[in-house]
Amino acid sequence: MDRREFLKISAVVAAAPAATACAGPDVFHDENVTMSPFNEDSTAEDVTAGMDLSGKVAVVTGSNSGIGYETMRVLALRGALVVGTGRTLAKAQEACATVQGLTMPVALELSSFDSVVACAESIRALNVPVDMLICNAGVRGVELEIVNGAERDFAINHLGHFLLVNRLLDKLYEAKQGRVVVVSSRAAYGSAPPEGIQFDNLDGSHGFDTSSAYAHSKLANALFSRELAKRLSSTRITSNALHPGVIKTNIARDSSTLLNIGFSLYAGFSGKNAAEGAATTCYVATDPALATVSGRFFEDCNAVRIGGRNHMEDDEQAARLWDVSEELTRPYLATFVKPEISTDS
Ligand SMILES: NC(=O)c1ccc[n+]([C@@H]2O[C@H](COP(=O)([O-])OP(=O)(O)OC[C@H]3O[C@@H](n4cnc5c(N)ncnc54)[C@H](OP(=O)(O)O)[C@@H]3O)[C@@H](O)[C@H]2O)c1
């Protein structure tokens, strides 16, 4: 590596916290939720220690890589049947085959609504309740691409999961206490557009920037989870979103080599490993203390609120995002009659 390359990489490393939105707004404990005994050093195995999840069914999207793989591994280790999705059946099968416990590989390509529906149908064919639906898969694109009428990151990270949750909602109702867990990011408040969801630019045609597009999709993840919690408030199903930490995974795979190196170095030195990166997901998906906690945002295994100007609790945008998402997925949406289930039965 020559001096010029070294200087370029140093600059990218220095910029990496901004790219992953690590600096910035105040993050403080959400006083509506009891503090957990876990923190940023806890691992997925720590937060599920002693748990017996046998008889439970978890769906983990993007289970062949990074945080999703570790989430699947630990939930299966604790006895759950984990439906692990991959963009192809072969990828899902390969991942599931390396995990101890009960797993079922299913193909899910979130950019294809047909694939989302087919994935949901495969899960429905199991004829069992879904206890945990973990919307983990994610992409960080580099170029503007329009997918299903929207910018690609938004279409994959948000719309694909919006539809998947819709198609499995009745299976979550059937569970003793269904949980939807949406893996968002700090980027949702650290680097999303200042106006929040860009309703007049959902396809990116009025301006596109890689970091901002990813952050925009992650804000959509957080607002979707919040609105879902509101809509399910009379049921036993909860919905929460989270930031997993900064973890050296494949998430920056499509970025430039320089950004990729910068991200890897930054995440490698100051971030979490995969075991720690899956802890908040596993905590939110399983901890008995969270049975009635819904509509919250978690970091480092605790519910947090974010200070400063951001749209994390913007209920108006959350409701509008729901309507727009319905419009964009309309022909594929299932319409379920909500079963009469009381919150305490
Ligand atoms: N790593 C971090 O620092 C960080 C920070 C904040 C939030 N997150 C979030 O954490 C989640 C997991 O990411 P990760 O860090 O574990 O990254 P990762 O290793 O790249 O895993 C992402 C997973 O999503 C899948 N995926 C990508 N595009 C998809 C599509 N079109 N349809 C279906 N699945 C698709 C990937 O499949 P392939 O392997 O086939 O591409 C992979 O299984 C993401 O939502 C990400 O935004 C990560």
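Numbered per this note's numbering, the sequence shown spans residues 452 to 796.
Here a beta-carbon is modelled for each residue, glycine too, at the ideal position from N, C-alpha and C.
- Cβ atoms of residue 755 and residue 722 stay farther apart than 8 Å, at about 18 Å.
- In the three-state reduction of the DSSP assignment, residue 584 falls in the strand class.
- Contact annotation: residue 691 and residue 613 have beta-carbon atoms that are not nearer than 8 Å.
- Residue 490 is a Cβ neighbour of residue 751, given a cutoff of 8 Å.
- Just so you know, the alpha carbons of residue 581 and residue 587 end up roughly 16 Å apart.
- For residue 772, the distance from the CB to the nearest heavy atom of ligand 1 is not below 7 Å.
- When the Cα atoms are used, residue 561 and residue 625 turn out to be separated by approximately 24 Å.
- In this structure, the straight-line span from the alpha carbon of residue 577 to that of residue 658 is close to 43 Å.
- In the DSSP secondary-structure assignment, residue 749 is bridged to 693 and 754.
- Closer than 7 Å to some heavy atom of ligand 1: that does not describe the Cβ of residue 529.
- A heavy atom of ligand 1 is found nearer than 7 Å to the CB of residue 515.
- Contact holds between the region 678 to 692 and the region 625 to 642, because three or more Cβ pairs, one in each stretch, are under 8 Å apart.
- If you draw a straight line from the Cα of residue 646 to the Cα of residue 548, it comes to about 44 Å.
- Here residue 597 carries a strand assignment [DSSP, helix/strand/coil].
- Residue 676 and residue 746 have their C-alpha atoms some 6 Å from each other.
- Distance from the C-beta of residue 568 to the nearest heavy atom of ligand 1 is not below 7 Å.
- Three or more pairs of CB atoms, one per stretch, sit closer than 8 Å, so the region 648 to 666 contacts the region 592 to 600.
- Here the alpha carbon of residue 639 sits roughly 10 Å from the alpha carbon of residue 648.
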